[in-house]
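Notes follow the structure.
In this note's numbering, the protein residues as written are 69 to 895.
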């Protein structure tokens, strides 16, 4: 009842907004902007560019940008333009016209000529997330990191994933994975240049990219544009930088190894992470190349374990190749090839899981993607994508012997061995129709997507012994023989979308998405509606919001459940007497259904005065039909049951302020009040990459990464003498934990026994640009340092939560203050 009333209320509000926008338009005195889009041929002659996209953006924050396409004669027109100053530019097939500033007077017609040139590689030196924050054409809540943030912000491993927590509502959970807007890491999506790069088996990230090739990273929590789908939480989109058609550039960094210091002595290497990126033309004005290579050997210390037996290991080699083609003035293409082999030694090493008992994880794979964009003479745009992704993974033990889980430590070799071979083939077509003028300005588009996923693997589970404090067994878990698994999946998607600019003060996103999954074997319609409205005449305030349905994918490990080895559990008394033995057979409760989330938001952005933005917003997401695993005993026997009865809810209230200091510096501060609750027996935590042997009854409670209060401050400052300074202060509530007894049964409510100490970390990166001579020429270099946890705050990652331990309630494994040097050469 409440949901129906809320939905009806939102619909009524949106209708009122439409009416207000339409009536306001008639009261404004407006002008128009017209002009030609042209380019210069090699012989010096000008020629017109039909189908070019022209964008008009106001100087004042809050007025919706307008897009249109040039007609077959290269002519464009913007009608009903509010008085004021505007930026205007045009793009077409790898070319771009430089921005121009124009002024529109009431009733005036402004004439503009835009000349396209090759859109060469551009390096942003300012964090332009502030432009995202006030973009009134954007109806969905989002956060963006651009080139400067990726270069200047302190990053412990120099991966784009580690910088996502710079955005409000994004936290690194207690397991080390990134949680976007209250969703598990397996519930979110990851796109690289529009290609899906998630692991088909678990749904986690399935690619590593050198950070130098990335242009922008955007997190969309509720994207109302229907081309986004197959997730129940949020989606991250990564766009790589275009190759330079003009001249060659080379960047080389991290070429000095770092020594490993333990107990006051130097013992080998701690890390070697050289990275090389080159970009430049292969065929003048036609073909350009970007190539980036990165090798990583990194040891990471776990302070609570003995020295020289307390390092996790990472070894990887990442290669990214991009070839950009300018086939004609209206036709461009790009070919991407990525390789990402990786070895993780002693995965999940912690206070209670030492090196011999921790598993190794190895991955191999590549991504080959081809993208094509063709602008028609009528002003339409056809975008095509074909990709082929291979992701193979193995989980291996580091020692032999029975896996024995004690209260203070774990012994033996890891009990689960996996071998996974997967591939994904994706084909996508999207057609952007020429803009139309009927009851406003329309930008419609249609799209189709087909995906073929395949998984072949082998799963082996070895016996596990759960020990009491006396080291007598409390429980013995035995498994049936190893199993081979095989799954094939087809996914079909159709979508239609119209960005309707009803008036200069109101924009609607109207979308409808259709999905079909051959594993779930069901059809899904997902309607979405978003709006952006300017409630004030000063064009410095924007109200945005919307509501939509989102259907998640079915990860390929889900349908293999019935093929996996079954378990027999034997329980013992404290004296070692056999109590009972039960065989848990695998059973599905109902069929497989796609998880579904209903999400809505409302957000108000206000430019308080020039360069100062204030944002307040609220969003909520309710997810149902999540995959839930639970042991259950019935008169028919004992079963491990998988069902679609899981539910999650996330609520978030955000206040953000952003201040720009000139063109190259900005300060951002945000406070987020949130709540993440749901069913705790998520399928992936028991049968994901690192399986868990003990399965207890499900409970609905706070999720493991729930952090109700979070304050975040970060800045990117350009100082005199070509110095950049980027501090980051992150404060948030500690994560919840549970209490167990000797039998590993939960005592009291799960995740409500207490919380870890509040997290507090101040990180800093300082870089200075210098010139270094080579062969009589001077090249640019950036030298500096970064420091993490500058004030050495106690941020533990482990807790002894077993009542039988004399160390019960003790926290462990905090990362100490860490310094790193940085040296970048740019040719």
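We put the CB at the ideal spot given by N, CA and C, even for glycine.
As the structure is a prediction and not an experimental result, all values here were calculated from the model.
Got a sec, what are the start and stop residues for the beta strand (DSSP E) residue i sits in?
i, result
"residue 219", "Residue 219 -> not in any beta strand (DSSP E); alpha helix (DSSP H) instead, spanning 215 to 220."
"residue 887", "886 to 894"
"residue 362", "355 to 369"
"residue 407", "399 to 407"
"residue 489", "484 to 500"
"residue 839", "827 to 842"
"residue 777", "777 to 787"
"residue 117", "Residue 117 -> no beta strand (DSSP E), and no H or E assigned at all."
If you count every other CB in all the chains shown that lies within 10 Å of the CB of residue i, and 16 or more means buried, which is it?
i, result
"residue 415", "buried"
"residue 870", "buried"
"residue 201", "Confidence is the limiting factor: at residue 201 the pLDDT is only 42, short of 50, which leaves the residue's position unreliable and the question unanswerable from this model."
"residue 469", "exposed"
"residue 303", "buried"
"residue 839", "exposed"
"residue 689", "buried"
"residue 519", "buried"
"residue 892", "buried"
"residue 173", "exposed"
"residue 334", "exposed"
"residue 661", "buried"
"residue 220", "buried"
"residue 226", "buried"
"residue 885", "exposed"
"residue 778", "buried"
"residue 209", "buried"
"residue 289", "buried"
"residue 897", "Nothing about residue 897 can be read from this structure; the chain reaches only from 69 to 895."
"residue 130", "Only weak support exists for where residue 130 lies, its pLDDT of 42 falling under 50; the value from the coordinates is given anyway. Under this definition residue 130 is a buried residue."
"residue 568", "buried"
Kindly indicate which residue of the options has the alpha-carbon position closest to the one of residue i.
i, options, result
"residue 464", "758, 889, 867", "758"
"residue 292", "600, 682, 243", "600"
"residue 859", "851, 848, 852, 829", "829"
"residue 236", "832, 244, 737", "737"
"residue 653", "632, 663, 642", "632"
"residue 265", "305, 294, 402", "305"
"residue 149", "171, 872, 497, 324", "171"
"residue 326", "314, 284, 367, 343", "367"
"residue 807", "765, 877, 747, 784", "877"
"residue 513", "578, 488, 471", "578"
"residue 538", "450, 644, 589", "644"
"residue 793", "851, 817, 100, 778", "851"
"residue 253", "620, 211, 500", "620"
"residue 458", "274, 380, 864, 294", "274"
"residue 651", "664, 637, 642", "637"
"residue 745", "761, 719, 228, 760", "719"
"residue 823", "102, 228, 355, 774", "774"
"residue 906", "332, 361, 328", "Examination of residue 906 is not possible in this model, given that the chain is present from 69 through 895 alone."
"residue 338", "345, 354, 372, 376", "376"
"residue 299", "250, 436, 735, 344", "250"
Could you give the first and the last residue of the continuous alpha helix (DSSP H) run that contains residue i?
i, result
"residue 903", "Here the chain covers residues 69 to 895 and nothing more, so residue 903 does not appear."
"residue 39", "In the structure as shown, the chain starts at 69 and stops at 895, and residue 39 therefore has no counterpart that could be examined."
"residue 323", "Element bounds for residue 323: n/a, residue is neither H nor E."
"residue 755", "751 to 755"
For the ligand ATP, I want to know if residue i counts as a neighbour, meaning its beta carbon is within less than 7 Å of at least one of the ligand's heavy atoms.
i, result
"residue 278", "This structure does not include the ligand ATP; it has no bound ligands of any sort."
Distance cutoff 8 Å, beta carbons only. Does residue i sit that close to anything in chain C?
i, result
"residue 667", "No chain C appears in the structure shown, which is made up of a single protein chain."
Which ranges would you report for the beta strand (DSSP E) in the stretch 709 to 749 if only whole runs of at least 3 residues count? If you keep only unbroken beta strand (DSSP E) runs of at least 3 residues inside the stretch 709 to 749, you get 733 to 747.
Taking contact to mean 3 or more Cβ pairs, one atom from each stretch, closer than 8 Å, check whether the stretch 704 to 722 and the stretch 649 to 660 are in contact. With the cut-off at 8 Å, the stretch 704 to 722 and the stretch 649 to 660 touch.
Tell me the start and end of each unbroken beta strand (DSSP E) in the stretch 511 to 584 that is at least 3 residues and wholly inside, in chain order. Complete beta strand (DSSP E) runs here, min 3: 532 to 535, 541 to 547, 551 to 571.
Spell out a yes or no on whether the stretch 695 to 703 and the stretch 674 to 683 are touching, meaning 3 or more CB-CB pairs, one atom from each, closer than 8 Å. At 8 Å Cβ cutoff, the stretches do not touch.
Touch test, the stretch 549 to 565 against the stretch 612 to 626, Cβ-Cβ under 8 Å, three pairs minimum: Pairwise C-beta distances place the stretch 549 to 565 in contact with the stretch 612 to 626, as three or more of them are shorter than 8 Å.
Where in the stretch 635 to 708 do unbroken runs of the beta strand (DSSP E), each at least 3 residues long, occur, reported from the N-terminal end onward? The qualifying runs are 635 to 640, 646 to 657, 664 to 677, 680 to 702.
Does the stretch 524 to 536 come into contact with the stretch 476 to 492, if we say contact requires no fewer than three beta-carbon pairs (one atom in each stretch) closer than 8 Å? Yes, they touch.
Stretch pair the stretch 758 to 774 + the stretch 722 to 730: three plus CB contacts closer than 8 Å: Under the 8 Å Cβ criterion, the stretch 758 to 774 does not count as touching the stretch 722 to 730, having fewer than three qualifying pairs.
For the stretch 235 to 268, which segments carrying the alpha helix (DSSP H) assignment without a break, of at least 4 residues, lie completely within its bounds, in sequence order? Runs found: none.
Which ranges does the alpha helix (DSSP H) cover as unbroken runs of at least 4 residues, wholly within the stretch 406 to 443, from first to last along the chain? If one requires a minimum length of 4 residues, no alpha helix (DSSP H) run lies completely within the stretch 406 to 443.
Using 8 Å as the threshold, is the stretch 490 to 509 in touch with the stretch 445 to 462, meaning 3 or more CB pairs across them? Contact between the stretch 490 to 509 and the stretch 445 to 462 is present, because at least three Cβ pairs lie under 8 Å.
Segment contact, 8 Å Cβ cut-off, at least three pairs: the stretch 347 to 361 with the stretch 381 to 401: Yes: at least three Cβ pairs fall under 8 Å.
For the stretch 276 to 306, list the beta strand (DSSP E) runs that are entirely contained and at least 3 residues long, ordered along the chain. Within the stretch 276 to 306, the runs of beta strand (DSSP E) at least 3 residues long that lie entirely inside it are, in chain order, 282 to 288.
Under 8 Å, with one C-beta from each stretch per pair, do the stretch 341 to 353 and the stretch 271 to 287 reach the 3-pair mark? Flag = yes, the stretch 341 to 353 and the stretch 271 to 287 touch.
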